[in-house]
């Protein structure tokens, strides 16, 4: 069940901008909030009991409750901003408290990281923090001042393309860093 909910949230996240663009004429904002809220509630109930997971789920459920309470279509456009803000908080707070996110992920594959790799993963976490800041600001600007079609294009396609570029650039840099180590 946990994997099914995770897949549902992944698909909802990927398709959300298009669902808003094409679905606003057929569905009320409270219906989007109900569906999304159920997925996040399922994740909170079945996911790992880690503070970060619960914090993100509570923020998303709070957003869904706002959608349900105000039933305002303009609110639908703030979801990508919320997700970027949560990811920014997760990545940037990991730089101050505990192990940086990129290091945690690297240790899943290689538990004994050399000091150069630890320093590198810290820089990667900083880069992702900057990305989520810029992405969230762009999503907010488009929410406030752009037509829905621009918002959909950026949040449904361009943001994922930029994420892919950052992944690819980081992978290439990592290969060079590993070659030197």
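Residue numbers (the working numbering): 382 to 562. Each residue gets a CB set at the ideal place from its N, CA and C atoms; glycine is no exception. Please read all numbers here as calculations on a predicted model, not as lab measurements.
Where does residue i land, buried or exposed, given buried means 16+ other C-beta within 10 angstroms?
i, result
"residue 483", "buried"
"residue 535", "buried"
"residue 453", "exposed"
Nearest to residue i by CA position, among the options, is which residue?
i, options, result
"residue 649", "398, 423 and 406", "What is shown of the chain runs 382 to 562, which leaves residue 649 out entirely."
"residue 447", "469, 465, 472 and 412", "412"
"residue 393", "468, 382 and 414", "414"
"residue 391", "424, 522 and 470", "424"
"residue 540", "518, 555, 428 and 528", "518"
"residue 382", "485, 527 and 429", "429"
Using a threshold of 7 Å, is the CB atom of residue i nearer than that to any non-hydrogen atom of the ligand FMN?
i, result
"residue 552", "Because no ligand of any kind appears in the structure shown, any question about the ligand FMN cannot be addressed here."
State yes or no: is the C-beta of residue i within less than 8 Å of the C-beta of residue j?
i, j, result
"residue 506", "residue 475", "yes"
"residue 459", "residue 533", "no"
"residue 520", "residue 465", "yes"
"residue 487", "residue 470", "no"
Check for me: the alpha helix (DSSP H) holding residue i runs from which residue to which?
i, result
"residue 414", "410 to 427"
"residue 532", "529 to 534"
"residue 392", "383 to 404"
So, for residue i: in the same chain, excluding its five sequence neighbours on each side, which residues have a beta-carbon less than 6 Å away from its beta-carbon?
i, result
"residue 418", "442 and 445"
"residue 509", "472"
So, at 7 Å on beta carbons, what are the nonlocal neighbours of residue i in its own chain, with the 5 sequence-adjacent residues on each side left out?
i, result
"residue 467", "437 and 440"
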